[in-house]
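Peer 1: Start counting the sequence shown at 704; every next residue gets the next number (the working numbering).
Glycine is no exception: its CB is placed at the ideal position from the N, C-alpha and C atoms.
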Amino acid sequence: MCGIFGLITNQEIDIGKITLESIKRLEYRGYDSCGVATITDGKLFIKKDAGKIDEIHKKLKLDSFPNGSKLAVAHTRWATHGPPTKINSHPHVDCSNKIAICHNGIIDNFIELKEDLISKGHEFKSETDTEVIAHLIEEFMNMGLDFKEASKEAMKKCVGGFAIVACHVDYPNYLIVVRKESPLIVGIEEGKTAYCASDIPAFLPYTRKCYVLNDNEMAVLRAGEVEFYSLQEEKKISKELQEIEWSIDAAEKGGYDHFMLKEIHEEPLALRKTLKIPKDEIQKFAKILVNSEKIYITAAGTSFYASLAGKFIITRFLGKYIEAIECSEFQIQLEDCMENNAAVIAVSQSGETIDLIEAVRWAKEKKNAKILAITNIVGSSLTRYSDEAIVTRAGPEIGVAATKTYSTQVLTLAIIALEIAEILKSIPDEELEKYRKALAKTPDIVEHLLNNDIKKLKKIVRNLEKSHNFFFLARGISIATAKEGGLKLKEIACRFVEGYSAAHAKHGPISLVRKGFPIIFIAPPDETYERLVGNVMEFKARGGLIISVVVESDKIISELSDITIRIDQPASKYFNLFTPITFIPALQLLAYFYAVYVGLNPDQPQNLAKTVTVH
Ligand code: F6R
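#1: Between which two residues does the alpha helix (DSSP H) harbouring D1058 extend?
#2: Would E937 be called buried (16 or more neighbouring beta carbons within 10 Å of its own) or exposed?
#3: Are S995 and A1045 touching if we call contact CB-CB under 8 Å?
#4: Between the C-alpha atoms of L1235 and E966, what's the straight-line distance to the nearest angstrom?
#5: Can you check which of these residues, D1132, N1304 and S1170, is closest to F1199 by C-alpha distance?
#6: Hey, quick one: how far does the alpha helix (DSSP H) through L848 stretch, first residue to last?
#7: Can you have a look at A1244 and say buried or exposed, based on whether 16 or more other CB atoms are within 10 angstroms of its CB?
#8: Can you pull every residue whose C-beta falls closer than 5 Å to some heavy atom of the ligand F6R, listed in chain order?
#9: For V1164, which three-state DSSP category applies?
#10: Within 10 angstroms of the Cβ of R1178, are there 16 or more other Cβ atoms? Answer buried if so, exposed if not.
#11: Report the three-state DSSP secondary structure of M1240 (helix, strand or coil).
#12: Would you call the CB atoms of I804 and I867 closer than 8 Å?
#13: Using only the alpha-carbon positions, how far apart do E724 and K762 sit?
#14: Out of T1285, E834 and H1207, which has the shortest C-alpha to C-alpha gap to G1237?
#15: Are there 16 or more other CB atoms within 10 angstroms of the CB of I742, so buried, or fewer, so exposed?
#16: Between the stretch 1096-1113 and the stretch 970-984, are three or more C-beta pairs nearer than 8 Å?
#17: Among H838, V1253 and L729, whose alpha-carbon lies nearest the alpha-carbon of L816?
#18: With a cut-off of 8 Å on the beta carbons, I'd call L924 and Y877 a contact; round off their distance for me.
#19: So within the stretch 888-926, which uninterrupted beta strand (DSSP E) runs reach at least 3 residues, ignoring any that extend past its ends?
#20: In chain order, which continuous runs of the beta strand (DSSP E) of length 3 or greater are located wholly inside the stretch 718-805?
#21: Applying the criterion that 16 or more other CB atoms from any shown protein chain within 10 Å of the CB defines a buried residue, is G1082 buried or exposed?
#22: Given a cut-off of 8 Å, decide if A1141 and T1005 are closer than it, judged by their beta-carbon atoms.
#23: What is the DSSP secondary structure of P1221, reduced to helix, strand or coil?
#24: Residues in its own chain within less than 6 Å of S772 by CB, not counting five upstream and five downstream?
#25: Pull up the distance between the alpha-carbon of E1091 and that of A1072, whole angstroms please.
#26: Count the other C-beta atoms from every protein chain shown that fall within 10 angstroms of the C-beta of P1131, then say buried if there are 16 or more, exposed otherwise.
#27: Express the C-alpha separation of Y874 and T712 in angstroms, rounding to a whole number.
#28: With DSSP as the reference, identify every bridge partner of G808, one or two as the case may be.
#29: Looking at C-alpha atoms only, which residue of T1231, C1030, T1056 and P1227 is the closest neighbour of T1316?
#30: Decide if the stretch 943-959 is in contact with the stretch 794-804; the criterion is three or more beta carbon pairs, one per stretch, under 8 Å apart.
#31: Measuring alpha carbon to alpha carbon, tell me which residue in I1259, V1149 and G1022 is nearest E969.
#32: Determine the closest residue to N1166 out of Y914, I1250 and I1000, with distance taken between C-alpha atoms.
#33: For the stretch 993-1039, which segments carrying the beta strand (DSSP E) assignment without a break, of at least 3 residues, lie completely within its bounds, in sequence order?
#34: Could you check if L1215 is buried or exposed, using at least 16 other CB atoms within 10 Å of its CB as the buried criterion?
In structure tokens form, the structure reads like this:
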């Protein structure tokens, strides 16, 4: 939610171009307005407006900076406080027009701070919470503090979750960067240039060396150097320099029309890399789950649906119930009844979803829970609050709709499940081997679909063009696939979709079905198949347009269907358990082609942002 970027250099580099390209790489975090600022000859230069970056760039030439600029702060916005207008766009300034600030997150106590600052004579221009920070720093500077000390004091007064980057015309040799809950990474080209950004891809083409800021930490960025401070303990701190492994290509579109399409095509590789997660990492997780009396799994959105699939697979071998609960409901529903010492599996692509972070912090601090994190981001907040963390190997995911991170999350949970089977000996060794082989085949199955079925999936969307409502129905483990496939279509193609249990759909939703109403059935040949046949017939009898996702050899449901999507995998119980991984790319592609067909940009669904750092 919002992307911030900062840069300070002593090199003759094209700061304007770098800044524009960097905020473009953060655009997935918010795209309703943007802005850039720099300082030259003791003056602040700001360009900002409402709209997408490309539109604003056409009007304002965002990459054209005054000669001699050696620093930049920049922002791409997902509106929280105040609608997307030019005035509400970042950077925001103080009364003297000397401080420029970009911010991601929310200042919870901004009303109180604003009233106090107004009473002291500060004049506000925008409706944002962000502007308070600029005036607060100014206020502390009016009391005699320098920019660094004033920023520190100002940030101590702010309650909430945020990350900021700020510059001051009288202090053009450094930028201030502060993190509390919202992500912030510092990149460094030693002796030359320092960067900060909400996410690594922003500066990945320029450096792979980075520091991850923790909560309540401040960094002072100078050309090619950085120093860190703790906000709470009033002292300088040292941090470990990390090397980023992601390739630059991974953060670029690489010839595809959209990041989403590129990332779906990266699924086979992401799955293969995730299959190689070292056994000792998996074992630690598995042992904790085997030894825990009570287990919860929690997440939001797509990660929650991955959790539903993963919970199903794990319970097969663990023989214990796992309670799946959305992270936003975790504390409120468990406040009075959660046992002490439970294990909590927390799943999050970004590792920054605020509701999840709050849930795990509460479970850890108040219920002494063991937190087992599955995330795609090394050093994310979630990894810091967890006892054990597994990092999925999906690589950077820029498209707002989660795709490869979903399948790698399910795969990771499946690998843990098989490890549990090995520890508990819950199935004979030969069976375990067959499950392992089936799981190892999942990247090949996905690759086969990508190599052979793209044209067919593209064609299918033409039959659905006029439909505005859809059901995605399934039973058993495939309910997770139905919900996730439905969510993809809902979020990027702006259609109303209900992802639901096929059995339960009789208890209400079926009343909506008329001639031509599209229903997508997820129908692997597992123990639910026979009953699903009955459900398909019920919907067909009412005129529904039946689209089914089945295995290659399917006969009955495909015969009943108007349109069939076949996944080339054996009709075997070993493969059925992993269909949340092998069936989902077809549904991701369907959603993608549908969005493109109806003229929407799948990488920028309206009202959404990739990392949800507000409640
Ligand atoms: C949908 C999507 C969201 C996220 C959700 C949780 O395509 O991406 O539903 O899954 O916001 O995000 P993470 O996994 O970062 O916690």
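Peer 2: Walking through what the data contain:
#1: Reading the sequence shown from its first residue, position 355 is the one you call residue 1058. Element bounds for D1058: I1057 to K1070.
#2: Position 234 of the sequence shown holds residue 937. With fewer than 16 other Cβ atoms within 10 Å, it is exposed.
#3: Taking the sequence shown and counting its residues from 1, one reaches residue 995 at position 292. Taking the sequence shown and counting its residues from 1, one reaches residue 1045 at position 342. Contact: yes.
#4: The count along the sequence shown starts at 1 and reaches residue 1235 at position 532. The count along the sequence shown starts at 1 and reaches residue 966 at position 263. Those two C-alpha atoms are separated by around 31 Å.
#5: As a working mapping, residue 1199 is identified with position 496 in the sequence shown. Nearest option by C-alpha distance: S1170.
#6: Your numbering for residue 848 matches position 145 in the sequence shown. DSSP places L848 in no alpha helix (DSSP H); its state is neither H nor E.
#7: Counted from its first residue, the sequence shown places residue 1244 at position 541. Answer is exposed; the Cβ neighbour count stays below 16.
#8: Residues with a Cβ closer than 5 Å to any heavy atom of the ligand F6R, in chain order: A1003, G1004, T1005, S1006, S1051, Q1052, S1053, T1056, A1104, A1105 and V1315.
#9: Against the sequence shown, residue 1164 aligns to sequence position 461. Note: V1164 maps to helix in three-state DSSP.
#10: For this step, residue 1178 is matched to residue 475 along the sequence shown. Buried, by the Cβ-count rule.
#11: Here residue 1240 corresponds to residue number 537 of the sequence shown, with the count starting at 1. Per DSSP, reduced to three states, the secondary structure at M1240 is helical.
#12: Taking the first residue of the sequence shown as position 1, residue 804 is located at position 101. Taking the first residue of the sequence shown as position 1, residue 867 is located at position 164. The answer is yes: Cβ separation under 8 Å.
#13: Walking along the sequence shown from the start, residue 724 turns up at place 21. Walking along the sequence shown from the start, residue 762 turns up at place 59. About 16 Å.
#14: Locating residue 1237 in the sequence shown gives position 534, counting from the first residue. Ranking T1285, E834 and H1207 by Cα distance to G1237 puts H1207 first.
#15: As a first step, residue 742 is located in the sequence shown; it is residue number 39 there, counting from the start. I742 comes out buried.
#16: The stretch 1096-1113 makes contact with the stretch 970-984; the number of CB pairs closer than 8 Å reaches 3 or more.
#17: To locate residue 816, count along the sequence shown from 1; it is residue 113. Of H838, V1253 and L729, the residue nearest in Cα terms is H838.
#18: Walking along the sequence shown from the start, residue 924 turns up at place 221. Walking along the sequence shown from the start, residue 877 turns up at place 174. Indeed they touch by this definition, with Cβ atoms about 6 Å apart.
#19: Whole beta strand (DSSP E) segments, 3+ residues: 888-892, 896-900, 912-915 and 920-925.
#20: List check, beta strand (DSSP E) in window: 736-743, 746-753 and 774-780.
#21: In the sequence shown, the residue the question calls residue 1082 occupies position 379. With a 10 Å radius around the Cβ and a threshold of 16 neighbouring Cβ atoms, G1082 comes out buried.
#22: Sequence index remark: in the sequence shown, residue 1005 carries index 302 (1-based). Sequence index remark: in the sequence shown, residue 1141 carries index 438 (1-based). No. Outside cutoff.
#23: To locate residue 1221, count along the sequence shown from 1; it is residue 518. P1221: strand per DSSP, three-state reduction.
#24: Within the sequence shown, residue 772 is the residue found at index 69, counting from 1. Here the set comprises I718, T741 and T743.
#25: Stepping through the sequence shown from its first residue, residue 1091 is reached at position 388. Stepping through the sequence shown from its first residue, residue 1072 is reached at position 369. In this structure, the CA atom of E1091 is about 12 Å from the CA atom of A1072.
#26: As a position in the sequence shown, residue 1131 is number 428, starting the count at 1. With fewer than 16 other Cβ atoms within 10 Å, it is exposed.
#27: Locating residue 712 in the sequence shown gives position 9, counting from the first residue. Locating residue 874 in the sequence shown gives position 171, counting from the first residue. Distance between the alpha carbons of T712 and Y874: 14 Å.
#28: For the purposes of this step, residue 808 is taken as the residue at position 105 of the sequence shown. The partner list for G808 (beta bridge, DSSP) reads F865.
#29: Translated into the one-based positions of the sequence shown, residue 1316 becomes position 613. Among T1231, C1030, T1056 and P1227, the Cα nearest to that of T1316 is on T1056.
#30: With a cut-off of 8 Å on Cβ pairs, the stretch 943-959 is not in contact with the stretch 794-804, counting fewer than three such pairs.
#31: Taking the first residue of the sequence shown as 1, we reach residue 969 at position 266. Comparing alpha-carbon positions, the option among I1259, V1149 and G1022 lying closest to E969 turns out to be V1149.
#32: Stepping through the sequence shown from its first residue, residue 1166 is reached at position 463. Comparing C-alpha distances from N1166 to each of Y914, I1250 and I1000 shows the shortest one belongs to I1250.
#33: The beta strand (DSSP E) runs of length 3 or more contained entirely in the stretch 993-1039 are, from start to end of the chain, 998-1002 and 1025-1029.
#34: Reading the sequence shown from its first residue, position 512 is the one you call residue 1215. Answer is exposed; the Cβ neighbour count stays below 16.
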